[in-house]
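Going line by line, the protein sequences match chains A and B. The letter at position 336 of the first sequence is residue 425 when you use my numbering, and the numbering goes up by one with no holes. The letter at position 296 of the second sequence is residue 297 when you use my numbering, and the numbering goes up by one with no holes. Below is one structure, written out as structure tokens; comments come after it.
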Amino acid sequence: MKSGAICARECNKKVAKVKKVIIIRYAEIFLKKKNRGFFERAFENNMQRALKGYTYDLVKQSGRYLIENFQAEEAEEMLSKLQKVFGAHSFSIAQETSSDLDSIFEAAKSYCLESGTFKVDTHRGDKRYPLTSIEISREIGAKILEYAKGKLKVDVHNPSFTVHVDVRDHGKALVFGEFIDGANGMPVGTAGKGLLLLSGGIDSPVAGYMMAKRGLKVDCLHFHSYPYTNMQAKEKVVDLANILAEYTCGTRLYTVSVTHIQEAIHEKCKAELMITLLRRFMYRIAERHALHIGGQCLITGESLGQVASQTIEGMTSSNSVVEKLPVLRPLVGFDKNEIIERSVKMGAYETSILPFEDCCTVFLPDFPAIRPKLSEILREESKLDVEGLIAEAFATMEKMEI
Amino acid sequence: MIYLDNAATTKPNLAALEKAKTYLTEQYFNPSALYKEGYTISGELKKARSVLLSKIADETAFELVFTSCGTESDNQATFGFARRGNAVTTAGEHSAIAAAFAELKNKGIAEPRFAPLEQDGRVNVEKLLALVDEKTSFVSVMHVNNELGSINDINAIAKLVKQKNPRVIFHSDGVQAYGKLPFRLAKEVDLYSISAHKLGGLKGVGGLIKRKSLTLAPYIIGGGQEAGRRSGTENVFGIQQFAFAAEEKFSTLKADFERIKTLRETLWNGLDQTIFQRLSPMDGSPYILNISAVGLRGEVLLHLANDKGLLIGTGSACSSNAKTRYSKVVLACGYNEQVADGVLRISFSSATTEAEIAEAIGILNEIGRDLRKRMQ
Numbered sequence: 090m091k092s093g094a095i096c097a098r099e100c101n102k103k104v105a106k107v108k109k110v111i112i113i114r115y116a117e118i119f120l121k122k123k124n125r126g127f128f129e130r131a132f133e134n135n136m137q138r139a140l141k142g143y144t145y146d147l148v149k150q151s152g153r154y155l156i157e158n159f160q161a162e163e164a165e166e167m168l169s170k171l172q173k174v175f176g177a178h179s180f181s182i183a184q185e186t187s188s189d190l191d192s193i194f195e196a197a198k199s200y201c202l203e204s205g206t207f208k209v210d211t212h213r214g215d216k217r218y219p220l221t222s223i224e225i226s227r228e229i230g231a232k233i234l235e236y237a238k239g240k241l242k243v244d245v246h247n248p249s250f251t252v253h254v255d256v257r258d259h260g261k262a263l264v265f266g267e268f269i270d271g272a273n274g275m276p277v278g279t280a281g282k283g284l285l286l287l288s289g290g291i292d293s294p295v296a297g298y299m300m301a302k303r304g305l306k307v308d309c310l311h312f313h314s315y316p317y318t319n320m321q322a323k324e325k326v327v328d329l330a331n332i333l334a335e336y337t338c339g340t341r342l343y344t345v346s347v348t349h350i351q352e353a354i355h356e357k358c359k360a361e362l363m364i365t366l367l368r369r370f371m372y373r374i375a376e377r378h379a380l381h382i383g384g385q386c387l388i389t390g391e392s393l394g395q396v397a398s399q400t401i402e403g404m405t406s407s408n409s410v411v412e413k414l415p416v417l418r419p420l421v422g423f424d425k426n427e428i429i430e431r432s433v434k435m436g437a438y439e440t441s442i443l444p445f446e447d448c449c450t451v452f453l454p455d456f457p458a459i460r461p462k463l464s465e466i467l468r469e470e471s472k473l474d475v476e477g478l479i480a481e482a483f484a485t486m487e488k489m490e491i
Numbered sequence: 002m003i004y005l006d007n008a009a010t011t012k013p014n015l016a017a018l019e020k021a022k023t024y025l026t027e028q029y030f031n032p033s034a035l036y037k038e039g040y041t042i043s044g045e046l047k048k049a050r051s052v053l054l055s056k057i058a059d060e061t062a063f064e065l066v067f068t069s070c071g072t073e074s075d076n077q078a079t080f081g082f083a084r085r086g087n088a089v090t091t092a093g094e095h096s097a098i099a100a101a102f103a104e105l106k107n108k109g110i111a112e113p114r115f116a117p118l119e120q121d122g123r124v125n126v127e128k129l130l131a132l133v134d135e136k137t138s139f140v141s142v143m144h145v146n147n148e149l150g151s152i153n154d155i156n157a158i159a160k161l162v163k164q165k166n167p168r169v170i171f172h173s174d175g176v177q178a179y180g181k182l183p184f185r186l187a188k189e190v191d192l193y194s195i196s197a198h199k200l201g202g203l204k205g206v207g208g209l210i211k212r213k214s215l216t217l218a219p220y221i222i223g224g225g226q227e228a229g230r231r232s233g234t235e236n237v238f239g240i241q242q243f244a245f246a247a248e249e250k251f252s253t254l255k256a257d258f259e260r261i262k263t264l265r266e267t268l269w270n271g272l273d274q275t276i277f278q279r280l281s282p283m284d285g286s287p288y289i290l291n292i293s294a295v296g297l298r299g300e301v302l303l304h305l306a307n308d309k310g311l312l313i314g315t316g317s318a319c320s321s322n323a324k325t326r327y328s329k330v331v332l333a334c335g336y337n338e339q340v341a342d343g344v345l346r347i348s349f350s351s352a353t354t355e356a357e358i359a360e361a362i363g364i365l366n367e368i369g370r371d372l373r374k375r376m377q
């Protein structure tokens, strides 16, 4: 019993000796010159937000960041959070060792497979180090070959695994095995703010994701038709906003009821124009709200030709009520399966396909107008008190910080 | 707030809660423990068991196994006895039976057979019997339909089934009947599921009544509680509260039955019958009134009623999935999708008052007329 206890303590010591470091390499930020600092600061803030609740040190180096002094067992978890921060090109979880060859080799061993081919790739940040990168690779490679006793071979062109060695200043080296993909893109908040029209479907969360990837801060606006739609449908949208918020460094979800607008259209206008007219209301409300909250564009998940209202004529009709802001449609040229692929990747798909109606289907016409004529739309719309209905909609607005 | 969704769950009986409180705060011991305190609790459980069982069955012929809910009881019965050949049930069952029967097919255990319903929600007995043959191992027929309130005469059906094949194990889901209908189990009924929270008990407590001579293959195994038939430390507090609540319920069962019957008639007679169609048979359980606002959507009415402080149930959901949208039971009664879409289930408890019914009539008529106008 006693010796067992001692052994356990020694093993713990051994484990504690291995110091893990997460290497973060940034993506397009390196293209920036004079205003790089602005992008870096945003990136740092966003990473810190994603890692809230963990203890760690964020160290800036040229072209990359290191995360140090964290609980080693939390490395994977922290990495999964960082993978949702736009601006990172790739990550590695590395071991930090002293830069003598024996220590590097000790660390390198843990990245070796049992058999196959390998290469050692060395980057030498410390140019005063007595060996060149190629020499270091050769030395470590030789030690690995000896250690593997013939089970491993060197193949510098197509190895089954690579051991990366990064020799740094102050006699330190980082050793790691793989490059893990980051989300790429630009740090959220560096490109201004947009208002996403968030439905409960597959497309709009992806559209929000795409624009956040280019650095936009995204707030969300959802239209509901309570009592024709239910609480679960609204809850689903909140869930989607939460999923999106992991990428957009938080978001605000605004919800507005359009029930009375649908009822007014149902009562006074041609049935086949229900969706066309409703969308014009939605765009008007969205633009006004975007301007009110300092948004600089509207974002929608429209994809050309996907449904009757997303034809070029449908887009023209809804676009024509937006006067001051651009409407960004990042999915306009995507096929449904391409959108689904991205939805799965961002983790929204399972939620998006929950079968709750997000907009009233009670008033849905059997055959919606596919190519609505603007003159006809205007004639039908003139039967409605557009401003009054919009004001009524704004009175139902609720806001949620996510 | 007027709560008329008592078929979903009832408000816990607070007096029973108070009486049972000691089993939470003082007598919290494990009934399987060997010291006096534990043993005492095991004795108290025995009493509760006897109270609950004796209300509907002969204690010399039947026994009660505590479970966590009605669903567990139904699952235990199905997977315990539908073990070969075919198993017969009705098209009107609660999903605890319907899904378990689907699983019999998925796992290749037994061939599930579903007997059609009459328009009033009862099973068509002739057709049920036609499905029973020498290879039938298990038959399950619910006592009171949870959507329509229709009552199956399970004692008579069990007898007919056993005449055709005496080896069949007959089960009935009595969740909506126990504590509500005057009734005693006939010896031909082998298994009967009950649930606490439908009569003032708590969620998380149920029971499976079984014929004593029947050997039950346990569905949950472990520490051997409930004489090995259902392992897991007993929910002592929940069971005691259930027994206290049931005691009270059964003491006024017949009077409540008659009173609620009148209330249900008052409600139905007060409703605007140009909007609402009645699906529940008037000779069904008085505790359930199922109506349809044909052409309107039940869930929208539910929301509108909710906003006016009336809580009721529905048979359909605002689901874009046509498979889950309509009540299977209502469709099985032969109604079309328009009727199924407009279904509302109004369900009462012994606590329901005349004043509440009067107010509910006003609200239902108002929202029904309002929505019909909006939809035109």
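From the three backbone atoms N, C-alpha and C, an ideal C-beta is built for every residue, glycine too.
When Cβ-Cβ separations below 7 Å define contact, A/Y438 makes no contact with chain B.
Annotated as distal: B/K128 and B/P113, with beta-carbon spacing of 7 Å or more. Residues A17, L18, A21, G202, L203 of the same chain have their beta carbon placed closer than 7 Å to that of B/Q242, with the five preceding and five following residues left out of the count. Taking 7 Å as the threshold, the shortest C-beta distance from A/E352 to chain B falls below it. Short of 8 Å from the beta carbon of B/G335, and not among the five residues preceding or following it, lie these beta carbons of its own chain, in chain order: L118, Q120.
Assigned with DSSP and collapsed to three states, B/T263 falls in helix. In terms of beta-carbon proximity, B/V344 stays away from the interface with chain A, with every pair separated by 7 Å or more. For A/Q160, there is no enclosing alpha helix (DSSP H), as DSSP gives it neither H nor E. The continuous beta strand (DSSP E) containing B/S141 extends over residues 137–141.
Secondary structure note for A/L367: its alpha helix (DSSP H) is the uninterrupted segment 363–381.
Residue environment: A/L467 is assigned as exposed (fewer than 16 neighbouring CB atoms within 10 Å of its CB, all protein chains considered).
Counting the other CB atoms within 10 Å of its CB gives A/G142 a total below 16, which places it among the exposed residues. Closest in alpha carbon position to A/A237, among A/N247, A/T221, A/G205, is A/G205. Between B/Y288 and the set B/L200, B/T23, B/K136, B/H172, the nearest pair of CA atoms involves B/L200.
If one requires a minimum length of 4 residues, the alpha helix (DSSP H) runs lying completely within the segment 426–490 of chain A are 438–441, 463–470, 475–484, in chain order. In this structure, the alpha-carbon of B/V52 lies about 19 Å from that of B/Q226. Counting only runs of 3 or more residues that sit fully inside the segment 191–232 of chain B, the beta strand (DSSP E) segments are 192–196, 207–212, in chain order. CA-CA distance, B/V169 to A/Q321, rounds to 43 Å. A/E446 counts as buried, since no fewer than 16 other beta carbons sit within 10 angstroms of its beta carbon.
Between the segment 249–265 of chain A and the segment 310–319 of chain A there are fewer than three inter-stretch CB-CB distances shorter than 8 Å, so the stretches are not counted as touching. For A/N124, the closest alpha carbon among the candidates A/L140, A/T279, A/T211, A/L220 is that of A/T279. For B/V344, the pairing in a beta bridge is given by DSSP as B/S293.
Bridge pairing for A/I401: absent [DSSP]. Here B/I240 is not near B/S232, since their CB atoms are 7 Å or more apart.
Sequence-distant partners of A/T485 (beyond 5 residues in either direction) whose C-beta falls short of 7 Å from its own C-beta, in its chain, are V345, S346.
Chain B places a beta carbon closer than 7 Å to that of A/Y317, counting this residue as a contact.
Contact between B/L5 and B/L312 holds: CB atoms are separated by about 6 Å, below the 8 Å threshold. Contact note: B/E300 reaches chain A through N319, using a C-beta cutoff of 7 Å and chain order. Ranked by Cα distance from A/E185, the options A/R431, A/H311, A/G390, A/L263 are led by A/L263. Within the same chain, Cβ atoms closer than 7 Å to the Cβ of A/R373 are found at V410, I479, the five residues on either side in sequence being excluded.
Residue environment: B/A256 is assigned as exposed (fewer than 16 neighbouring CB atoms within 10 Å of its CB, all protein chains considered).
With distances taken between CA atoms, B/S194 lies nearest to B/T68 out of B/T68, B/E360, B/F115, B/A333.
Separation of A/I350 and A/H378 (C-alpha to C-alpha, rounded to the nearest whole angstrom) is 17 Å.
Take the alpha-carbon of B/M2 and the one of B/G310: they are about 5 Å apart.
Approximately 7 Å separates the beta-carbon atoms of B/T325 and A/P444; this is inside 8 Å, confirming the contact. Proximity of the segment 148–155 of chain B to the segment 287–301 of chain B meets the contact definition, three or more beta-carbon pairs being nearer than 8 Å.
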